[in-house]
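For the sequence shown, this note's numbering gives the first residue as 4, with consecutive numbering after it.
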Amino acid sequence: MGLSMALVGALTLLTPSAQAQRDTYGGIRSVVGRRTGYYHVEKIRGRWWIITPGGHGFISKGVCHIAYTADHAPTLGYSPYGRITEATYGTAERWAAATARRLKAWGFNTVGAWSSPEMHTQAMAYAPILNIAASLEKDLWLKGGVVDVFAPAFEAGARKLAMERCRPLRQDPWVLGYFTDNELRWGPDWRSHETLLDTFLKMPADSPGRRRAEAFLKRRKSSGPPTDADASAFLGLVAERYFKVCRDAIKAADPNHMIIGCRFGGYAPDAVLQGLRRYVDVISYNDYGFVPPVWTLDRIATTTGRPLMLTEFSFKARDSGLPNTRGAGLPVETQNDRADRFEGYVTALMKRADCVGYHWFEWCDEPKEGRFDGENSNYGLVRIDDTPWEVITARMTAVNDGVEAIHAGR
4 MGLSMALVGA
14 LTLLTPSAQA
24 QRDTYGGIRS
34 VVGRRTGYYH
44 VEKIRGRWWI
54 ITPGGHGFIS
64 KGVCHIAYTA
74 DHAPTLGYSP
84 YGRITEATYG
94 TAERWAAATA
104 RRLKAWGFNT
114 VGAWSSPEMH
124 TQAMAYAPIL
134 NIAASLEKDL
144 WLKGGVVDVF
154 APAFEAGARK
164 LAMERCRPLR
174 QDPWVLGYFT
184 DNELRWGPDW
194 RSHETLLDTF
204 LKMPADSPGR
214 RRAEAFLKRR
224 KSSGPPTDAD
234 ASAFLGLVAE
244 RYFKVCRDAI
254 KAADPNHMII
264 GCRFGGYAPD
274 AVLQGLRRYV
284 DVISYNDYGF
294 VPPVWTLDRI
304 ATTTGRPLML
314 TEFSFKARDS
324 GLPNTRGAGL
334 PVETQNDRAD
344 RFEGYVTALM
354 KRADCVGYHW
364 FEWCDEPKEG
374 RFDGENSNYG
384 LVRIDDTPWE
394 VITARMTAVN
404 DGVEAIHAGR
């Protein structure tokens with residue numbers, strides 16, 4: 004399939020001279036917002052935009068896990084990609100400079116979560132992930148554990164981490180914003196069948212979370228097993244506490260940069276959305292469907308009144324030679340199918356007035372032997388040998404160049 008008519012139309016508005024009309028940070032000068040010196044969001048003519056430090060409209064076009072060593076393969080005892088990059092570049096600094104040049108040539112402007120720190124000095128927006136809850140419990144994402152957000156230790160831990168991670172970055176204009184965590188469990192999902200109310204009621208008897216859950220049920224005069232309504236109402240309390248503590252900790256350390264959510268993992272309960280809306284600038288959502296989850300995105304935007312970003316999406320192909328047996332999403336047949344899916348997905352997103360960015364997962368393919376959790380899929384823009392997947396990166400270049408025009412509704 005060739006370029007879509009929508010994309011062709013957008014590209015006609017972005018001639019070489021038009022593309023030159025970007026500010027230092029990649030914002031388009033035709034969309035003007037407040038010049039604050041830092042990235043922030045504004046609604047302009049009914050459409051949400053990220054505004055660059057220079058005061059112009061910006062769509063965050065990112066890639067996750069741009070890492071010098073990429074994934075370690077436990078069965079091998081080393082990272083296959085890391086061996087290649089070490090032999091090719093010698094240092095993470097030289098690798099990062101070369102990688103940034105490639106990303107910019109493909110139309111990307113943002114370094115996503117889990118990227119090497121050397122990528123944070125390449126004149127690209129970058130979005131650190133803080134892992135505020137995950138810093139307090141090992142393997143939180145894998146296990147779907149739940150941190151006692153009502154405990155003083157959670158607040159103290161959040162403030163300590165923010166001072167360590169955010170305070171040094173408070174004057175860096177290239178920081179897009181902070182992710183607080185990744186794919187926390189907010190209820191029954193692939194990791195547990197329990198509601199968070201169930202989980203809090205199983206915490207130690209003297210824990211603040213257990214006492215809060217018991218007091219909550221007592222106030223509601225619930226005499227039998229907790230109902231769905233009980234679980235939802237308590238979930239809202241947990242969410243508000245989590246996001247408020249995170250917001251207060253980050254802003255005490257760094258008042259200048261955005262909070263861009265917790266990277267919802269495929270679902271976002273209404274009670275959580277209602278609890279967070281006062282505490283985040285942008286909602287981050289991860290999805291591995293073939294098309295954007297329109298109903299969910301509509302609900303997020305309506306419930307919160309905030310803009311959103313798709314912070315993980317990807318397509319893997321059977322012709323890559325990788326197993327593709329572990330990892331989110333169903334495989335497509337060919338690299339051209341990957342490119343078609345990318346174009347369709349991003350074009351649909353950019354037509355939305357509430358979407359301000361998208362981050363592809365991920366920079367490099369996963370090892371065929373499997374990474375730490377067994378994933379072994381063709382998510383990469385480059386192969387394990389660091390050569391690009393030419394078909395999809397060529398399409399990405401064309402698509403990325405046209406998204407601002409699509410988003411502006413031209």
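The C-beta atom is built at its ideal place from N, Cα and C for all residues, glycine as well.
Asked, Found
"Could you please give the first and the last residue of the uninterrupted alpha helix (DSSP H) stretch that includes V52?", "For the sequence presented, residue 52 should be read as Trp rather than Val. No alpha helix (DSSP H) holds W52; the beta strand (DSSP E) holding it covers R50 to I54."
"How about the segment 193 to 212 and the segment 228 to 239: do they share at least three Cβ pairs that are nearer than 8 Å?", "yes"
"Report the start-end ranges of each beta strand (DSSP E) in the segment 251 to 327 that is 3 residues or longer and not cut off at the edges.", "286 to 289 and 311 to 316"
"Quick check on DSSP: helix, strand or coil for S195?", "strand"
"Have a look at P120 and A137 and give me their C-alpha separation to the nearest angstrom.", "19 Å"
"With distances taken from CA atoms, which of S82, V34, F293 and L172 is nearest A331?", "F293"
"Can the beta-carbon of H59 be found closer than 8 Å to that of I31?", "yes"
"Note down the Cα distance separating L313 from A401, rounded to an integer number of angstroms.", "19 Å"
"Please name the residue, chosen from G278, D184, I409 and M261, that lies closest to G40 on a Cα-to-Cα basis.", "M261"
"With 16 other CB atoms within 10 Å as the buried threshold, where does R48 fall?", "exposed"
"Do the segment 316 to 333 and the segment 248 to 266 meet, that is, are 3 or more Cβ pairs less than 8 Å apart?", "no"
"Exposed or buried, V66, counting other C-beta atoms within 10 Å across all chains shown (16 or more means buried)?", "buried"
"Return the CA-CA distance between Y92 and W98, expressed in angstroms with no decimal places.", "5 Å"
"Mapping DSSP to helix, strand and coil, what is V149?", "coil"
"Determine the closest residue to E378 out of K319, T102, V275 and G148, with distance taken between C-alpha atoms.", "K319"
"Applying the criterion that 16 or more other CB atoms from any shown protein chain within 10 Å of the CB defines a buried residue, is Y84 buried or exposed?", "buried"
"Might you give, ordered along the chain, the residues of its own chain that have their beta carbon closer than 6 Å to the beta carbon of F364, omitting 5 neighbours on each side?", "C67, E315, S317 and Y382"
"Determine which residues share a DSSP beta bridge with E45 and list them.", "W52"
"Is L279 buried or exposed, if buried means 16 or more other CB atoms sit within 10 Å of its CB?", "buried"
"Whole angstroms are fine: how far does the CA of S287 sit from the CA of V114?", "15 Å"
"Given this structure, state the Cα-to-Cα distance separating A165 from A256, to the nearest angstrom.", "6 Å"
"For F157 and L139, which I take to be in contact (beta-carbon distance under 8 Å), what is that distance rounded to the nearest angstrom?", "7 Å"
"Among Y42, R37 and K46, which has the Cα closest to the Cα of H410?", "K46"
"How would you write the range of the beta strand (DSSP E) that R32 sits in, first residue to last?", "I31 to V35"
"With respect to the beta strand (DSSP E) encompassing G405, which residues constitute its N-terminal and C-terminal limits?", "First-last for G405: E393 to H410, but that is the alpha helix (DSSP H), not the beta strand (DSSP E)."
"Within its chain, find whatever has a CB closer than 7 Å to the CB of D233; leave out the 5 residues flanking it on each side and keep chain order.", "L200, L220, R223 and S225"
"Would you mind working out which of P211, V297, W117 and L172 sits nearest R244, comparing C-alpha positions?", "P211"
"Measuring only the C-alpha atoms, how far is F345 from C358?", "16 Å"
"Have a look at D388 and E369 and give me their C-alpha separation to the nearest angstrom.", "11 Å"
"If we count the other Cβ atoms within 10 Å of its Cβ and call it buried at 16 or more, is A161 buried or exposed?", "buried"
"Could you tell me which residues DSSP puts in a beta bridge with S63?", "G360"
"Consult DSSP for L106 and reduce its assignment to one of helix, strand or coil.", "helix"
"For V394, I'd like the list of residues in its chain whose CB is within less than 7 Å of its CB, leaving aside the five on either flank, ordered along the chain.", "Q338, N339 and A342"
"Tell me whether the beta-carbon of L145 lies closer than 8 Å to the beta-carbon of D301.", "no"
"For Y181, count the other beta carbons within 10 Å of its own beta carbon; 16 or more makes it buried, fewer makes it exposed. Which is it?", "buried"
"Would R321 and V283 be called neighbours here (beta carbons separated by less than 8 Å)?", "no"
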